[in-house]
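Shown next, in structure tokens, is the structure this report addresses.
Protein chains: 2
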Amino acid sequence: MSEKNRSILLASHGTFAKGILESVSMILGEQADVETFCLERNDSLNTALQKMTELFEKLERNAGTIIFTDIYGGTPSNVAATFLEKEDVQIFSGMNLPVLLELFTNRSMEMGELVKHIETIFPTTLTNVNQVMQGGEADGDSLD
Amino acid sequence: MSEKNRSILLASHGTFAKGILESVSMILGEQADVETFCLERNDSLNTALQKMTELFEKLERNAGTIIFTDIYGGTPSNVAATFLEKEDVQIFSGMNLPVLLELFTNRSMEMGELVKHIETIFPTTLTNVNQVMQGGEADGDSLD
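Those protein sequences? They're chains X and P, same order as listed.
Per my numbering, the first sequence starts with residue 94, numbered consecutively.
Per my numbering, the second sequence starts with residue 94, numbered consecutively.
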């Protein structure tokens, strides 16, 4: 994998992170240099920190790392935040599929630009399908 | 389950829908009257429609149904859109964990009000954790 690509870690309560990476792979194909952290019900904070550290260290991290977590204030996000002290790490919470597709297809973008791009597109990634259908907009058949 | 609660169907490519419901359950406890549709790689459109119909029919649907899909224009969303013709169904695409927590905790809200609530809060559900940490905002330890 090119040194210019950001490494990616997805982190969640339960198997959400693994599941959403499966969605990404079904649409974009298999992705390199990405790991998924899935907090289990009985994981202590120490276990969570150890698990996430092991995953983090498996990443290439040649051009910074983006950690995307499920929700701000949860254990996966709080544990990820401890990595901010160490390295070139950017953490977002609130991952959904449209924003991850943007992230994976633009991971060679310069970090500051990528952060701005994600923040800009995020509000557009919720679609009220009823409204779109009533308005007769595009039928959206471009994805699988 | 009260007749006033909306039924909920979560739909995605792969096991994302199942995984995010696991996240919801880890934070809010087990939820009633909810089903998850997980499109598999080899599912035809007909298989997808049949699978989603079976799940839809298992829901109580006494006070309308909210279908939340992974991404607008994908098969799960397109199949869900065929249900708009039949019944009191509201479909959103772009699900993430913060918005689902809002949905599950407000599912007794009147449908129009709930739709407005989701659209209003959605843009706030992305958090740039680096920025929050630098700004010294709340440490967000209120979730598990």
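Just so it is clear, CB atoms sit at the ideal spot from N, CA and C, and this is done for glycine as well.
Predicted model, so just to flag it, every value in this text is computed and none were measured.
{"Check": "Counting only beta-carbon atoms, is X:S105 nearer than 8 angstroms to chain P?", "Outcome": "yes"}
{"Check": "Please go through the same chain and pick out, in chain order, the residues whose beta-carbon is closer than 7 angstroms to the beta-carbon of P:V208, but skip the five residues on each side of it.", "Outcome": "Q183"}
{"Check": "Along the chain, where does the beta strand (DSSP E) containing X:T162 start, and where does it finish?", "Outcome": "T158 to T162"}
{"Check": "Which partner residues of X:L176 appear in the DSSP bridge assignment?", "Outcome": "Sequence check: residue 176 of chain X is Phe here, not Leu. None, per the DSSP bridge assignment."}
{"Check": "Could you give the distance in angstroms between the alpha-carbon of P:K97 and the alpha-carbon of P:L132?", "Outcome": "29 angstroms"}
{"Check": "Return the first residue and the last residue of the alpha helix (DSSP H) that P:L190 is part of.", "Outcome": "L190 to T198"}
{"Check": "I need the boundaries of the beta strand (DSSP E) containing X:L132, first residue and last residue.", "Outcome": "V127 to L132"}
{"Check": "In the region 179-209 of chain P, which residues sit with their C-beta less than 9 angstroms from some C-beta in chain X, listed in chain order?", "Outcome": "V182, Q183, I184, F185, S186, G187, M188, N189, L190, P191, V192, L194 and V208"}
{"Check": "Need the endpoints of the beta strand (DSSP E) that P:Q183 sits in, please.", "Outcome": "V182 to S186"}
{"Check": "Output the distance between the C-alpha atoms of P:T129 and P:T158, rounded to the nearest integer angstrom.", "Outcome": "13 angstroms"}
{"Check": "Mark X:L196 as exposed unless 16 or more other C-beta atoms lie within 10 angstroms of its C-beta, in which case mark it buried.", "Outcome": "buried"}
{"Check": "How many Å lie between X:S100 and X:E180 at the Cα?", "Outcome": "12 angstroms"}
{"Check": "Verify whether the separation of the beta carbon atoms of P:S118 and P:Q124 is less than 8 angstroms.", "Outcome": "yes"}
{"Check": "Once you ignore the five residues that flank P:T162 on each side, which residues in its own chain have a CB closer than 6 angstroms to its CB?", "Outcome": "A104, P169, S170, A173 and S186"}
{"Check": "Leaving out the 5 sequence neighbours to the left and right, which residues in its chain are closer than 8 angstroms to X:E206 when beta-carbon positions are compared?", "Outcome": "none"}
{"Check": "In chain P, which residues lie less than 8 angstroms from X:D136 when you measure between Cβ atoms?", "Outcome": "Residues of chain P passing the Cβ test: none, with the nearest at roughly 10 angstroms."}
{"Check": "Have a look at X:M226, X:I113, X:T175 and X:G122 and flag the residue whose alpha-carbon is nearest the alpha-carbon of X:N139.", "Outcome": "X:T175"}
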